[in-house]
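When you line the sequence shown up against my numbering, it's residues 21 to 728, in that order. Backbone N, C-alpha and C define an ideal beta-carbon position, used for all residues, glycine too. Worksheet: one structure, shown below.
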Amino acid sequence: MSEIERMNESQAAAELERLAREIARHNRLYHTDDAPEISDADYDALIRRNAEIEAAFPHLKRGDSPSLQVGAEPAGHLSKVPHARPMMSLDNAFSDEEVVEFVARVRRFLSLADDEPVALTAEPKIDGLSCSLRYENRVLVRALTRGDGQTGEDVTANVRTISDIPDRLPDSAPNIFEVRGEVYMAKADFAALNERLRAGADDPDKARQFANPRNAAAGSLRQKDASVTADRPLRFLVHGWGETSALPGDTQTQVIRAIAAMGFPRADSFTRTETTDEALAVYRAIEAARADLPFDIDGVVYKVDRLDWQQRLGFVARAPRWAMAHKFPAERAQTTLNAIDIQVGRTGKLTPVARLEPVTVGGVVVTNATLHNADEIERLGVHPGDRVVLQRAGDVIPQIVENLSRDDERAPWPFPKHCPECGSAAERDAGEVDWRCSGGLICPAQRVERLRHFVSRHALDIEGLGTTNIESFFRDSLIETPADIFRLSEETLVARDRWAETSARNLIAAIEAKRNPPLDRFLFALGIRHVGAITARDLARRWTSWEAFRAMIERMEQKRAELIRATGESDDKFLARTGKEMAAIAETAGVGPEVSLALADFFAEPHNREAVADLLSQITPADVIHETRESEVSGLTVVFTGSLQTMSRDEAKAQAEALGARTAGSVSAKTGLVVAGPGAGLKLNKARDLGIRIIDEAEWARIVAAAQ
Ligand code: ZN
């Protein structure tokens with residue numbers, strides 16, 4: 021059994037929580053601060069571990085799951101602009117088998133015959149910064165970074181200084197054309213830049229140095245002052261496109277060649293392959309040439325060549341179904357574990373962090389690694405002073421994979437018995453892997469984490485109220501609870517050191533703008549255990565208003581009171597067994613016993629009720645207005661039965677969802693439409709008995725086409 025198969029639910033949930041936070045932190049370090057602490061290979065290892073645990077425990081998938089997100093939020097100083105089409109990220113493969121499985125998945129989704137060739141393109145995956153260049157009437161009008169995939173940073177002025185990027189396209193180019201590719205710095209240029217920075221510094225030993233070419237490229241492109249960018253040796257390679265008024269080709273290969281003909285550089289090793297074996301041969305050739313390439317790469321990207329197939333395959337969560345990045349293996353290094361520190365999270369979770377003797381792994385200097393929990397420390401048998409093997413895969417947090425000083429005679433490193441922040445006793449519930457601070461609201465670390473969560477991007481998203489301000493306002497007792505944020509005034513801020521009138525006014529305006537947060541953001545912001553952004557959205561969609569949601573919570577309370585009266589039991593263990601009853605009252609798809617229990621428990625706490633009431637004296641959550649998409653089947657529950665000839669079941673379901681319909685596996689009185697193919701049996705009969713509308717595949721295709 022694998023380590024993941026051995027996990028129980030609470031271990032898996034805890035690990036997903038840890039991964040979400042860890043990955044978010046690394047995203048921030050990588051995308052916003054340009055200061056990653058771990059290698060790409062290690063980052064990928066975290067993303068992958070998250071995906072594997074989610075696959076084994078699909079119901080535990082978090083609303084803030086890294087698998088639903090791309091990159092990180094954009095940095096503050098550049099203006100943010102939405103992408104005309106989202107910039108997706110790619111799923112990763114680490115073995116040949118996964119690539120074979122990727123192609124098999126494509127075949128199944130498209131219902132292709134076994135002998136139908138699936139041509140792929142293969143090209144090196146450059147380690148740079150993705151950019152989207154928008155041309156209107158053949159003139160470059162805007163350049164955006166990837167940002168979070170939905171919204172990028174405006175780097176138009178900076179991009180104009182890159183000589184690989186033309187300002188104008190030839191007359192043959194479409195009117196609207198977004199060219200996408202990677203801005204990067206060549207290895208030799210990177211070394212020369214660092215040398216120049218060192219030579220130009222007053223004290224060469226303290227000169228600013230970039231850790232690797234990717235950070236140098238990101239730091240150079242995302243400058244406020246484009247003349248700094250102009251001074252940096254940036255280059256560009258095309259790998260795709262966004263919005264277009266016309267496409268110069270029917271395949272990936274044709275369009276990329278057409279873009280190259282317009283004057284954009286493309287990778288020399290870009291290849292169209294007929295078979296999976298050919299694609300894997302290209303991977304090996306590129307891997308062998310890796311050290312000699314002028315730029316850093318971390319793998320090979322495959323894309324389905326036919327664009328009509330790409331269209332049908334579409335996207336799932338954050339990634340296209342028609343592309344995959346085949347990553348090179350993780351890199352390892354040895355170093356010394358100097359110390360083990362404990363970090364305190366929002367829910368009081370105590371997470372051990374390894375402080376390491378700095379070591380370079382795959383081009384990045386690593387100083388920290390996660391140790392996950394006390395069990396992991398015991399499993400590795402680590403103590404400060406030990407030599408350890410560090411592994412870094414992708415832009416993920418490095419993991420300690422081996423302890424070279426392991427000595428089973430030693431007692432395990434003693435996990436602290438007290439919270440390092442407030443001194444309260446650390447406690448661990450039976451079956452849980454994590455130790456938690458028992459200080460609750462008296463623990464300043466937990467309170468600050470909750471405030472930070474409250475204003476974070478998926479919660480109230482209050483601009484300008486970052487970690488530094490939260491911590492300093494909290495330290496000075498300006499804000500102690502979320503409601504206090506809305507009691508801040510310009511006068512209070514201006515009275516503080518280093519606060520100019522403009523910044524005070526801007527912050528107060530940003531806070532004022534959030535007095536009517538959407539219900540889902542409000543629910544997420546409360547920081548209820550297990551209620552991530554997606555769960556909050558599901559709850560908000562089901563209950564649509566705060567009043568209706570609160571009435572549902574009251575029904576939970578009444579039910580609990582009834583159960584307590586009926587059984588005479590009322591302790592925590594008894595309450596923990598009421599999950600099923602609570603879930604029945606929550607009536608929300610995707611909200612199971614665990615989340616429902618967390619909801620009931622949260623609102624049963626008097627101090628939480630007080631905090632929420634106080635908050636509601638300041639702000640009013642906005643009701644959810646359901647948007648319906650124009651199609652004949654919007655809002656209906658559709659059942660597909662029998663065999664489909666032109667598409668797979670998955671594709672049909674994806675189409676239905678895109679049209680605002682729900683899909684179900686069985687026919688009932690709630691079914692609105694049945695799409696029946698040859699061989700349909702019992703379900704078809706039942707639909708006839710119930711008088712439900714029945715159509716064939718051709719009619720379904722007509723409905724789909726009509727909605728486009
Ligand atoms: Zn504490």
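Residue closest to residue i, alpha-carbon to alpha-carbon, out of the options
| i | options | result |
| --- | --- | --- |
| residue 536 | 551, 519, 566 and 547 | 566 |
| residue 526 | 482, 190, 516 and 126 | 482 |
| residue 155 | 240, 98 and 266 | 266 |
| residue 40 | 63, 26 and 499 | 63 |
| residue 58 | 162, 234 and 714 | 234 |
| residue 100 | 456, 114 and 176 | 176 |
| residue 470 | 547, 504, 152 and 457 | 547 |
| residue 351 | 448, 560 and 418 | 418 |
| residue 185 | 286, 275, 522 and 111 | 286 |
| residue 615 | 634, 23, 30 and 22 | 30 |
| residue 720 | 221, 676 and 711 | 676 |
| residue 81 | 114, 115 and 38 | 38 |
| residue 373 | 532, 435, 323 and 327 | 435 |
| residue 540 | 534, 549 and 560 | 560 |
| residue 120 | 501, 140, 105 and 718 | 140 |
| residue 427 | 397, 580, 412 and 674 | 397 |
| residue 134 | 158, 123 and 612 | 123 |
| residue 654 | 726, 699 and 618 | 726 |
Sub-8 Å separation of residue i and residue j beta-carbons
| i | j | result |
| --- | --- | --- |
| residue 402 | residue 357 | yes |
| residue 463 | residue 368 | yes |
| residue 583 | residue 607 | no |
| residue 259 | residue 201 | yes |
| residue 393 | residue 406 | no |
| residue 692 | residue 656 | yes |
| residue 707 | residue 714 | yes |
| residue 316 | residue 232 | yes |
| residue 491 | residue 468 | yes |
| residue 171 | residue 103 | yes |
| residue 355 | residue 410 | yes |
| residue 553 | residue 478 | yes |
| residue 659 | residue 686 | yes |
| residue 74 | residue 87 | yes |
| residue 18 | residue 153 | Residue 18 lies beyond the stretch modelled for the chain, which goes from 21 to 728, so this question has no answer here. |
| residue 190 | residue 282 | yes |
Residue i: first and last residue of the uninterrupted alpha helix (DSSP H) it sits in
| i | result |
| --- | --- |
| residue 526 | 521 to 532 |
| residue 504 | 502 to 505 |
| residue 274 | 272 to 281 |
| residue 537 | Unbroken run through residue 537: none, as it is neither H nor E. |
| residue 587 | 566 to 587 |
| residue 33 | 29 to 47 |
| residue 492 | 487 to 495 |
| residue 703 | 702 to 710 |
For residue i, the residue or residues it bridges with in DSSP
| i | result |
| --- | --- |
| residue 174 | 164 |
| residue 321 | 143 and 345 |
| residue 70 | According to DSSP, which records beta bridges pairwise, residue 70 is partnered with nothing at all. |
| residue 260 | 200 |
| residue 291 | 142 |
| residue 438 | 445 |
| residue 723 | None, per the DSSP bridge assignment. |
| residue 339 | 336 |
| residue 369 | 456 |
| residue 696 | 661 |
| residue 466 | In DSSP, residue 466 forms no bridge with anything. |
| residue 600 | None, per the DSSP bridge assignment. |
| residue 682 | 657 |
| residue 14 | Residue 14 lies beyond the residue range present for the chain, which begins at 21 and ends at 728; the question has no answer from this structure. |
| residue 385 | 380 |
| residue 354 | 409 |
| residue 188 | 159 |
Residue interval of the beta strand (DSSP E) (run including residue i)
| i | result |
| --- | --- |
| residue 201 | 196 to 205 |
| residue 394 | Note, residue 394: premise wrong, no beta strand (DSSP E); alpha helix (DSSP H) at 394 to 400. |
| residue 243 | No beta strand (DSSP E) contains residue 243, which DSSP labels as neither H nor E. |
| residue 608 | First-last for residue 608: undefined, no H or E at that position. |
| residue 153 | 149 to 156 |
| residue 554 | Looking at the DSSP string, residue 554 is not in any beta strand (DSSP E); the run it does join, the alpha helix (DSSP H), is 553 to 563. |
8 Å Cβ cutoff, residue i in contact with chain D
| i | result |
| --- | --- |
| residue 466 | You won't find chain D in this structure, because it holds only one protein chain. |
Ligand 2 heavy atom lying under 7 Å from the CB of residue i
| i | result |
| --- | --- |
| residue 307 | Inclusion of ligand 2 in the displayed structure is not the case, the ligand content consisting of ligand 1 alone. |
Could you please go through the chain and list the residues whose beta-carbon is closer than 7 Å to any non-hydrogen atom of ligand 1?
With the criterion CB distance below 7 Å from any heavy atom of ligand 1, the matching residues run 364, 368, 439, 441, 442, 444, 457, 459, 463, 465 and 466 along the chain.
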